[in-house]
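See below for the structure under consideration.
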Amino acid sequence: MTPRTVKAIACKSGIHIVHITSARMLGEHGFLRAIFEVFERHRTAVDIVTTSEVSVSLSLEDTSALEAIVADLNAVGAVRVESGRAIVCIVGEGLRSTPGIAGRVFSTIKDINILLISQGASSINLTFVIEEQHVAEAVRRLHAAFFECATSELLAHIGGGQ
2 MTPRTVKAIA CKSGIHIVHI TSARMLGEHG FLRAIFEVFE RHRTAVDIVT
52 TSEVSVSLSL EDTSALEAIV ADLNAVGAVR VESGRAIVCI VGEGLRSTPG
102 IAGRVFSTIK DINILLISQG ASSINLTFVI EEQHVAEAVR RLHAAFFECA
152 TSELLAHIGG GQ
């Protein structure tokens, strides 16, 4: 029997996604700095960041300064905010180096729209954002896929299961 790669599944509801897009920043430096200076100025923590050459998407839990943040970010690019989101995080050692884990995660919830994906700089987490209304179902399915099957296999291995 092989050790289980996925050790935990965590989620956080009440998340907002802020998208900033600026075609004028293509090939320019300072885009990320300008964005993060806004969040620093408003003392607002960011959970997840995904980037491309001309856009950045960030997740926030604290929206107390959101109106002012959006006003400041409008100087950097076009801003769009999505509310009613949830973060789901798959945690375990060696996730990035284990073939098939991401495929298994996303095939388990293939009918739930993934809005943002982040594989951490460390190899221990795979994080994604979905609509908040689907978080309980997603976590239930992921738990069944990664833990209930493993429990049945373990019981069979030690002679306690069928």
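Numbers given in this note's numbering equal positions in the sequence shown, counted from 1, plus 1. Quick reminder that beta carbons are idealized off the backbone N, C-alpha and C, glycines included. None of the values given here were measured: they were computed from a predicted structure.
Among the residues of its own chain, which have a CB less than 7 Å from the CB of Ala139, if the five just before and after it don't count?
Indexing the sequence shown from 1 puts residue 139 at position 138. Same-chain partners within the cutoff: Val89, Ile110, Ile113 and Ile131.
For Asp73, which residues in the same chain have their Cβ closer than 6 Å to its Cβ, ignoring the five residues on either side in sequence?
The residue given as residue 73 occupies position 72 in the sequence shown. Around Asp73: Val39.
Excluding the 5 residues flanking Ala11 on each side, which residues of the same chain have their C-beta closer than 7 Å to its C-beta?
Taking the sequence shown and counting its residues from 1, one reaches residue 11 at position 10. Closer than 7 Å at Cβ, skipping near neighbours: Cys90 and Val92.
Taking 6 Å as the limit between beta carbons, can you name the residues of its chain near Asp48, skipping five residues before and five after?
Taking the sequence shown and counting its residues from 1, the one referred to as residue 48 is at position 47. For Asp48, where only same-chain residues beyond five positions count, the Cβ hits under 6 Å are Ser60.
Count the other C-beta atoms from every protein chain shown that fall within 10 angstroms of the C-beta of Gly101, then say buried if there are 16 or more, exposed otherwise.
By one-based count along the sequence shown, residue 101 stands at place 100. Exposed, by the Cβ-count rule.
Mind checking Ile18: buried by the 16 CB within 10 Å criterion, or exposed?
Taking the sequence shown and counting its residues from 1, one reaches residue 18 at position 17. Counting Cβ neighbours within 10 Å, Ile18 comes out buried, since at least 16 surround it.
Classify Thr6 as helix, strand or coil using the three-state DSSP reduction.
Here residue 6 refers to the residue found at position 5 of the sequence shown. Looking at Thr6 - three-state DSSP - the assignment turns out to be coil, as it is neither helix nor strand.
Under the rule that 16 or more other beta-carbon atoms within 10 Å means buried, what is Arg42, buried or exposed?
Working through the sequence shown from its first residue, we reach residue 42 at position 41. With fewer than 16 other Cβ atoms within 10 Å, it is exposed.
Given that a residue counts as buried once 16 or more other Cβ atoms are within 10 Å of its Cβ, and exposed if not, what is Ser108?
By 1-based counting over the sequence shown, the position of residue 108 is 107. By the neighbour-count definition (other C-beta atoms within 10 Å, threshold 16), Ser108 is an exposed residue.
DSSP three-state call for Gly85: helix, strand or coil?
Translated into the one-based positions of the sequence shown, residue 85 becomes position 84. Residue state, collapsed to three classes: strand.
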